[in-house]
Structure formats: C-alpha cells, structure tokens
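Enquirer: Residue numbers (my numbering), protein chains in the order written: chain Z, 996 to 1121; chain X, -8 to 815. For each residue, glycine too, the CB sits at the ideal point set by N, CA and C. Only a predicted model underlies this, so the values are computations on that prediction, with no experimental measurement involved. Take a look at this one; I'll ask things after.
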Amino acid sequence: MSLFLLSRRSFSVLTQIKIDPNMQKKLEHLSLISFQNEQTIKKVEQTIHSSDIIHQANVDHLEPLYTLVQTELCPLRQEDIVSNEKTLQTKQVLKNASTTYEDYLVAPMIGKRDSQTVEKVDTTKL
Amino acid sequence: MAAGAAAAVLSSGRFYALIGFEIHVKLATNSKMFSPSSAAPAQPTNSQVTPFDMALPGSLPYFNRACLEAGIRAAIGLNCQINKISHFERKHYFYPDSPAGYQITQQRYPFASNGLFHYPLLVKKDKIKSSTKYKFVDSPNSFIVKQCRIDRIQLEHDTGRSIHDEHQNRTLIDLNRFGTGLIEIVTQPDIKSSLEGESFLRELNRLLIKYNICEQSGLETAVRVDANVSLHRTDTKPDGSRVEVKNIGSFIDVRQAIDFEIKRQEQLLVNNYPIEKETRTFDTNKHQTIHLRRKEDQIDYRFMIEPNLPPLHLYDNNDKQIQQKDFVNIDEIKKTLPISPLEERQEFLNKYKDFLTAEHLHELLRLDMMDYFRDVMNQLDDNRLRHIALEVILNDVKSISYDGRKIRKFAQAVSPTLFADIIKHVDKRIVTRFSLYTLLTLCNKNRDSTRPLKSFLDEHNMYAITDENELEKICLKILEENPKTIDRYKTNPKKAIEQLHSITCKKHHGRIHDDIVNDTFKHYFLKNMSTRLNYFRMIFPRYHSTKPTPHQQNMMARGLPKRTPIDGVQHVIAVGSGKGGVGKSSVSVNLALALSRLSYRVGILDADIFGPSIPTLLNLRNHKATTLTKTNLIEPLINFNLKCMSIAFLTKSDGPVVWRGLMVMQAIEKLLRQIAWSPLDYLIVDLPPGTGDIQLSLAQLIPLSGVLMVTTPQELSLVDVRKAIEMFRLVQAPILGIVENFSTYFCQKCGHEEKIFGENGGESLGKEYHLKILQSLPIDIYFRQACDEGRPISEKNDTILWSKFNNLANEIVKLLPTDRTTII
Chain Z
996 MSLFLLSRRS FSVLTQIKID PNMQKKLEHL SLISFQNEQT IKKVEQTIHS SDIIHQANVD
1056 HLEPLYTLVQ TELCPLRQED IVSNEKTLQT KQVLKNASTT YEDYLVAPMI GKRDSQTVEK
1116 VDTTKL
Chain X
-8 MAAGAAAAVL SSGRFYALIG FEIHVKLATN SKMFSPSSAA PAQPTNSQVT PFDMALPGSL
52 PYFNRACLEA GIRAAIGLNC QINKISHFER KHYFYPDSPA GYQITQQRYP FASNGLFHYP
112 LLVKKDKIKS STKYKFVDSP NSFIVKQCRI DRIQLEHDTG RSIHDEHQNR TLIDLNRFGT
172 GLIEIVTQPD IKSSLEGESF LRELNRLLIK YNICEQSGLE TAVRVDANVS LHRTDTKPDG
232 SRVEVKNIGS FIDVRQAIDF EIKRQEQLLV NNYPIEKETR TFDTNKHQTI HLRRKEDQID
292 YRFMIEPNLP PLHLYDNNDK QIQQKDFVNI DEIKKTLPIS PLEERQEFLN KYKDFLTAEH
352 LHELLRLDMM DYFRDVMNQL DDNRLRHIAL EVILNDVKSI SYDGRKIRKF AQAVSPTLFA
412 DIIKHVDKRI VTRFSLYTLL TLCNKNRDST RPLKSFLDEH NMYAITDENE LEKICLKILE
472 ENPKTIDRYK TNPKKAIEQL HSITCKKHHG RIHDDIVNDT FKHYFLKNMS TRLNYFRMIF
532 PRYHSTKPTP HQQNMMARGL PKRTPIDGVQ HVIAVGSGKG GVGKSSVSVN LALALSRLSY
592 RVGILDADIF GPSIPTLLNL RNHKATTLTK TNLIEPLINF NLKCMSIAFL TKSDGPVVWR
652 GLMVMQAIEK LLRQIAWSPL DYLIVDLPPG TGDIQLSLAQ LIPLSGVLMV TTPQELSLVD
712 VRKAIEMFRL VQAPILGIVE NFSTYFCQKC GHEEKIFGEN GGESLGKEYH LKILQSLPID
772 IYFRQACDEG RPISEKNDTI LWSKFNNLAN EIVKLLPTDR TTII
C-alpha cells in the first residue's frame, strides 16, 4: 500500500504568502467564490499565514489518515437488487428545488462539461 | 476521403501515430454502484433517485458487490494484474449533473493495472483489395493478432443527464443515471492506426458482452470512447503531446475521428507547427474533430481519498488470513468465466477444421454472426450439414441481411433451430436449393421464430416436386410451349438445356431440383433425338439468321475441297480420340473384325501418318502394297478378311515419317481416293490422336457417316476427348457414341475388380454431350498380348472382350444400316 505523499513546501513561520493574480483566478475557479476587493485578499492571506503553524509538526515518517477507522475494509452490498423503499419518489426529489420543469431539476445554463462559471456572492465568510 | 489520406500518411514512412483509448463501460447490474436504486435506462424522469444520488446530507455510499465482480471479470479478460488493495477517491469539479460536487473514482489506486489484450485485425471487405499493406489472415488457420497494453481499469460511477435548453437559458437535470456503475479502461498508446483501433474496440466489445460485463447494444449506449491521438515524425521520440478526442459514439466514428486527426496533425507537422495539447470533440455529421478547450485550462480535480469508503480488499485462493465476511475471491470468479473470444475461435478452427478456415471466421466476425454460427453448429450433428450451413450463412444470409442491425434482426427472426431445420430439409431434398433463399427471406419477414418450418412450407407450397409422372408432364408441357428450344438442341444442346432449365424454374418457382430438371430434359432428348438426328436436321429449317442457308454455304465453300464420297464404300466410320494411347487402333481393328464376322465387307485405313499401328495389329509388318489395279488404283492388303491400308505399306523403310502439313493432306487424299476400296459396306478409319490436320482433312474430303470416340475414364483423357468431340461437331460429323477403354481391371489371382483409371468418366462425358456409351472395355492382358502379336482376339471365341466387340459391331450396324444391294 503506497499512499501518495503530499509535497510540502518548507516554510519559515515568518514569511507570508502573497496571492498573485493567477493564484487568485485559480482559487476563484475552484471555489466558485470571487474575491471582491483587496481587503478580502489580505484576509485570506492572513488566514493562510496563521494556519501555517501546522507545518511545525514533523510528520515526515507518518502516512496521512483518510478515515478514522483504519482497520475497516470496504463493506459490500451483497444483493444486487433494486430497493423500492430506499428510492425516493419523484416528488420528494423535487421537493426542495426552487425551480423545476416537468419533473426535471433546473440549473442555470452552463457551457459544455468541465467548464465552470464564477458566481458573484455578496459576502464571503472565511 | 480521410481514411485513404491517413493510410497514406502512415505508409509513407515519415510519420508514426500513437493512439490510446479511455473507454467507459456501463456495467450490467440491476442496481447502482453505491446506492440501491435501479440502474435500468429509460425510466421516468427522476424516479430512480436515492438520497445518496442527490447528495442529501447524511447519505453514505454502500458499494455494490455485483459491480466489483463485473469489474474483476473485465480485469481477468484483459489479463490485468489485480491489485488486492485499492482505494476510492473523490474527483472534485462543479457541474449540475453531479450534486455532490465530486465523482467517486479510482484515479490513482485502481483495482487492476498492467494488462495485455490480444485482438485480431479485421478489414472491411471492400478494403481488402486496397489494403495490401495489411494482411488480415496470416495462414488458413490464424488471424493476424495484435496486442495492446492496458494501463489500468478503475471503478467509478456515472453522472446524471443534463439537457441544455438554450431558449430559456437553463439546463434540465435528470438524476436517474447518477451513480450507475462504470469501469474505465485506460490503454497505453499501443494502437498504431484507425484500423487497429477499430479492430481492438470490436474485440473488446465482444469480450465485454461475452463476460456479461455490459449490455449488448453496441458502442452507442453501453460503451463511450475517448481517443488520444498523436502523430510524430519517424525517428523522433514521442514528446508527450497528444490530442484528446471526446464524444465518439460508434465504431465508424472512431475510425473517422482517428483518420481525421492523423491527417490534421500531419498538416501541422509538415508546416512545422507544434501539436498543441488540447481537447477536441467529434462531429458525427461533418466527420471531423472540433476544438473544445486547451489542456492548459485543465481543471485541478483536487483528488483525495474518499473518506466514506474504506480500502477495497480482494482475495484469492492463496490468502490464508481473510478478515472479511462474504469476501470476493478472484479465483472463484475466474472459474465461472466462459472462454475468451480468442480461445473460442481457436476452438472452432480445431473442431471444424474439415471445412472452416480463418477466412470464414473473419467474414463471420465482420458480419457479427459468430454467436449465430455457434448456435447453428450446435443444432446440427453432421459435419457435412454444418459445412452446408456455413456456406448458406456466408452467402444467402449475408445478402438478405447485410449490415449489423439487420443481422441481429435476422438472428432473432430465424432462430438457430429453425435455420438448422431448413438446412436439413434442403439436404433431404424436401426443399430445393433454389427455393432456399426465398424460404429464408419469408422466415425473416415473418419474425415468428417459434413457428414450425412445416407451416411455412405448407402456406407457400414450397415442397419440391419429385413425382416422376408429374415431372414428365411438366417437361412435355414446357417443350410444347417452347418449340424453338428443340431446334436449338441440335446445334447447341448445352444452351438449349440451360434455356429449358431457366424457363422451368421461373414457371414452377424453383420447386424442381436442378439436376432433376436437367436429367429429365436430357433423357427426353436422347430418347427422341439421337436416332433421328439427321432426319430432324433436314426437316426443320434454320431459324437463326446468323447461320447461312445451304445455298449460301455452298457458295461460301466454293474454294474449299469438296466432299465426295468414295466410290463403292457405303459407310465411313472414323475412330478418334483427343488423347493418344487410349486404344483407338486396337478398338478399330477389332471392331472391323467383329463386323466382318457379321458378314459385312469391311476395310480399315490407318490414317495415322506419323505412327501407323495397323501393320502391327494385323500382322502385316514389313509388307508393302505394290500391286495396281487396271484403273491405276493401289490394291489394299487383305488379312483376316479385311482390306487394310496404311502409310507404312507405301513408304520404303520402317523409319519415321517427317512430313509437313501439305504433304500430309496429300497423303490422306491418296489413301482415300487412290486405293481400290470398292466394294465395301464399312470403311473404318483409324485416326491419329488430337484435333489436327488429318482429322480436318478427313472431315472435309469425305462425308463421314459417323465418328466413334474412344476414351479412358481418366479425367486427363476426358479433357482432350471433349475437345475432339467439339471439333467433330464443328465440322458436322455425327458422333455415334463413346467407347470407354481401360474401364476396369479384374485381378487374375483373386478376381478383385479395380477401376484403375477411375469411375464413370465415360458416363459423365456421355451425359455432358448426350452421347451413348456404346461399350465399356476392361483391361485384359490377353487382349494386349494378342494385339502385340498381331493376332486378333476374335479368334478365341470365349473371351468377354470378343462378345463386347460383337455387341459394339451390332450397335454400329443398327446406327448405320447398310444397303446390301451394292453391285460388285
């Protein structure tokens, strides 16, 4: 079992990361949240800096954990049968959606697969 | 056409292509991979959705064992190393058809990797001639087999379906499909051309269907293919740049997409542009790839191990410590697998090697009829019947259903049992071969494969007519309606019979067997025509305007030697054969002797200028003809009451006669006109072998009453005899019949009969040309001795051969009756 080791940049606790425009674009893409102004960016940088303290811990010889239950093996659903009890009814599926159309869920128009749009959000909570 | 262009690029030797595939296969399970809702397609919108499929908070994935087993079957079929421990991961990206915001996959820790898949190279039939570079069959019993390495196989699930509504600027989402199990098969770039690509995918498809991994519906719904294509200059290493082509929906699209890409990249390379890493999509209608996005815009998927699914453990028989209840054992699954398509084809080649070759299999694969073929073979027991079935599948069935869809429909409509039944009926001659095609078309249209064959036959009355009386009536009726064919018969019997055959078939819808039709007509003609041959000729005027009238013929023949009969000779019979050494001279001599025993006046002329045998046969070696009659005609030598003449009696020495054509013709004329033959009832002329000067001169100088063809049953001899028969027909010399010599041998010690020179040779010849076999003569050692010694066997009355010759003589007399009132 060989897990992929995370590459870590070795930091001095003192230096602070600057978010350049490329990084900013990438972060916006990945989170679908936009940075409104300089202040927001500064806040993000500060948050990153304060969490950098985690690098002080020496974890070179440890494998990261992905689950709390180490000894469990993936359980298998033995019967390949359709369960009508567990399947939701269509009206239940549509219940929480604000807009539906003829039993379809409606989403805003999106381009081809794997492209993402950035939505403007009023406040960012970090 | 892109195909030809791409092939040209590759065969020019300046470039090479590297092609790899990423293939998503929809697994044939009842429920989805991580949730128990139905995986069936085409369900009412959003009716097969569980809380997990909607990513509702608190829902967790529960892995479906059936998906794992299907995946393992694929891994075994593709000869992969199975990783006993593998991990599920999340692949993050935002898209409405993925409510969770991530897809569960096995990008970095797949359960199977490092596989190898062998596949046969298949070529479209029309491309066979042009694809001289590709041989598709190595030897009669093998295909050209290529291989492709498999990088990995990973388990993952499908996303929902999104419909883009541009008018309303919205996307409609149906989550039924979300969560159905998939395996993604990633190959190494071992594929070198579009042909290899298509062959690979077809074979993979066969394997997937056979191992019950995916549903059988072709490339369109169960399997999605993305191709990575890159072209490089020969002698350069691949630089990792490649173009990904998505949205390829069928086998044809795969070929076209690859060909287009090769051509496009070649243009770029030739003009020294670099190949950009990009993602393109394939447009089916325009048969080209279109740019979608650059690779630099690649999204960071932030792969991370799925925390809700612990590591997946697999076991085999070697594992002693198994910590899981109800675990999956790889070896158990291996045991339940059927044999791979590759092995199955090899088995067929071995099992049916009497009639099945790799070329047949190639054709069956191309037509997608392998399974049907297998089922039909299982229905029949006899290899002979199986061979017939194979031929029918490859010919009749192919022309009824010539593409993939139609073949499947045919296979459903005409079940293997029904098909096998039909074959058996044709074999037993209940149905004619002729109506087989019609019958198959009817059954195919009918689409009810449970209906018994009998009901089809009854409904359309397709039984073969076999009752002899009815057949005769039919034949006579047709002859009545078509009198022209009777006339045609005397000039061209073969064509006449063919014409009658086609008329009969049309009229009676092919319900009479081919050979019965031909035989019935032939019998009729033989019975009614051969004795009245000349009579008919005189009575019926010619209908064809291409043949000249007798007057015209006379005018045209003015320059040619005229045919004058020899004075005092009633009948001239020529004994000929196409081939030498069949026993003409022996037959002519003994026939002459037999005739003379019947108190006819017989003469024998040895027309073989270059190899006279008569002197030996009649014990007249070293004798010369020297006496002249009062009218300056040479007196023929007389022995055994026969008048004999040969060139040997006129030339000085026993040496070879080395003469040219003109001298030969003159010699023949001399032998005919300047010998005192008269009076004779029969003059027998022993011809040399072949169809040369001498035969022609003879036919033109005198009117021949008849020709006797001598042959052995051996095919080698028959070939030449046919030529001779045609020649005699051409010069309008009537052929009396065939004498089959060397027909059989009776061992002197044990009496066992051996047909050394073959069987029925003379009979088949006779049938072909509507001639009678007048006699069949066995090999007889005493006969040969007698001939060599010049002592005819007719002397010994008790040999079989003597009686045969007697019969032969009687037949000749019947055919050519003499008028006995010749004045001496």
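Along chain B, which residues have their Cβ under 7 Å away from the Cβ of residue 1073 of chain Z?
Expert: No chain B appears in the structure shown, which is made up of the protein chains Z and X.
Enquirer: Who are the neighbours of residue 1070 of chain Z on chain X, taking C-beta pairs under 8 Å?
Expert: 53, 54 and 301
Enquirer: Measuring CB atoms only, is the segment 1049 to 1063 of chain Z touching the segment 290 to 308 of chain X, in the sense that at least three cross pairs come out at less than 8 Å?
Expert: yes
Enquirer: I'd like the list of long-range same chain contacts for residue 1078 of chain Z, defined as Cβ closer than 7 Å, with 5 residues on each side in sequence excluded.
Expert: There are no such residues.
Enquirer: So with Cβ pairs under 9 Å, would you call residue 1003 of chain Z a contact of chain X?
Expert: Only weak support exists for where residue 1003 of chain Z lies, its pLDDT of 47 falling under 50; the coordinates are left without a value.
Enquirer: Quick check: what's the CA-CA separation for residue 768 of chain X versus residue 735 of chain X?
Expert: It is roughly 7 Å from the alpha-carbon of residue 768 of chain X to the alpha-carbon of residue 735 of chain X.
Enquirer: Could you pull out every residue in the same chain whose Cβ sits closer than 8 Å to the Cβ of residue 682 of chain X, ignoring the five residues on either side in sequence?
Expert: 569, 714, 715 and 718
Enquirer: If distances are taken between C-alpha atoms only, which option among X/162, X/620, X/631 and X/353 comes closest to residue 783 of chain X?
Expert: X/631
Enquirer: Taking the beta strand (DSSP E) that residue 1099 of chain Z falls in, what are its first and last residues?
Expert: 1099 to 1103
Enquirer: Mapping the DSSP letters down to three states, classify residue 640 of chain X as helix, strand or coil.
Expert: helix
Enquirer: Looking at the C-beta of residue 1018 of chain Z, does it have a partner C-beta in chain X at a distance below 9 Å?
Expert: no
Enquirer: Can you confirm whether the segment 255 to 270 of chain X touches the segment 1010 to 1026 of chain Z when touching is taken to mean that 3 or more C-beta pairs between the two stretches lie within less than 8 Å?
Expert: no
Enquirer: Rounded to whole angstroms, what is the Cα-Cα separation between residue 1003 of chain Z and residue 80 of chain X?
Expert: Here residue 1003 of chain Z scores only 47 on pLDDT, less than 50, and its place in the model should not be relied on; the value that follows carries that caveat. Approximately 21 Å between the Cα atoms of the pair.
Enquirer: Measure the C-alpha to C-alpha separation of residue 348 of chain X and residue 88 of chain X and round it to an integer number of angstroms.
Expert: 50 Å
Enquirer: Please give the ranges of any alpha helix (DSSP H) in the segment 710 to 765 of chain X, keeping only runs that are unbroken, at least 4 residues long and fully inside the region.
Expert: 752 to 760
Enquirer: By the criterion of Cβ-Cβ separation under 9 Å, what are the contact partners of residue 161 of chain X in chain Z?
Expert: Those within 9 Å of residue 161 of chain X in chain Z are 1094, 1096, 1101, 1102, 1103 and 1104.
Enquirer: Do residue 488 of chain X and residue 464 of chain X count as a contact pair if the criterion is CB distance below 9 Å?
Expert: Not closer than 9 Å, so no.
Enquirer: Would you list the residues sitting across from residue 635 of chain X in a DSSP beta bridge?
Expert: X/595 and X/628
Enquirer: In terms of DSSP beta bridges, what is residue 103 of chain X paired with?
Expert: X/73 and X/144
Enquirer: Per DSSP, what kind of secondary structure is residue 516 of chain X in: helix, strand or coil?
Expert: helix
Enquirer: Check whether the Cβ atoms of residue 1050 of chain Z and residue 1011 of chain Z lie closer than 9 Å to each other.
Expert: No, they are not a contact pair.
Enquirer: Any C-beta of chain X sitting closer than 9 Å to the C-beta of residue 1058 of chain Z?
Expert: no
Enquirer: What residue ranges within the segment 404 to 471 of chain X form continuous alpha helix (DSSP H) runs of no fewer than 4 residues, ordered along the chain?
Expert: Runs of the alpha helix (DSSP H) lying entirely within the segment 404 to 471 of chain X and spanning at least 4 residues, in chain order: 407 to 418, 427 to 437 and 444 to 451.
Enquirer: Between the C-alpha atoms of residue 705 of chain X and residue 369 of chain X, what's the straight-line distance to the nearest angstrom?
Expert: Separation of residue 705 of chain X and residue 369 of chain X (C-alpha to C-alpha, rounded to the nearest whole angstrom) is 40 Å.
Enquirer: Less than 9 Å separating the beta-carbons of residue 20 of chain X and residue 1075 of chain Z?
Expert: For residue 20 of chain X and residue 1075 of chain Z, yes; Cβs fall inside 9 Å.
Enquirer: Let me know the alpha helix (DSSP H) ranges lying completely inside the segment 327 to 404 of chain X, each 4 residues or longer, listed in chain order.
Expert: 332 to 342, 349 to 358, 361 to 370, 374 to 383 and 395 to 404
Enquirer: Does any residue of chain Z bring its CB to less than 9 Å from the CB of residue 178 of chain X?
Expert: Taking Cβ atoms only, chain Z never reaches closer than 9 Å to residue 178 of chain X, which makes this a no.
Enquirer: For a cutoff of 9 Å on Cβ pairs, would you count residue 148 of chain X as touching chain Z?
Expert: no
Enquirer: What did DSSP end up calling residue 569 of chain X once you bin it into helix, strand or coil?
Expert: coil
Enquirer: Residue 284 of chain X by DSSP, collapsed to three states: which one?
Expert: strand
Enquirer: Using the Cα positions of residue 414 of chain X and residue 385 of chain X, report the straight-line distance between them to the nearest angstrom.
Expert: 14 Å
Enquirer: For residue 755 of chain X versus residue 707 of chain X, is the C-beta distance shorter than 9 Å?
Expert: no
Enquirer: Inspect the beta-carbon positions of residue 73 of chain X and residue 178 of chain X and report whether they are closer than 9 Å.
Expert: no
Enquirer: With burial defined as no fewer than 16 other Cβ atoms inside 10 Å of the residue's Cβ, what is the status of residue 151 of chain X: buried or exposed?
Expert: buried
Enquirer: Figure out for me which residue from X/791, X/176 and X/204 has the closest Cα to the Cα of residue 191 of chain X.
Expert: X/176
Enquirer: Whose CA, out of X/143, X/381, X/85 and X/315, lies closest to the CA of residue 293 of chain X?
Expert: X/85
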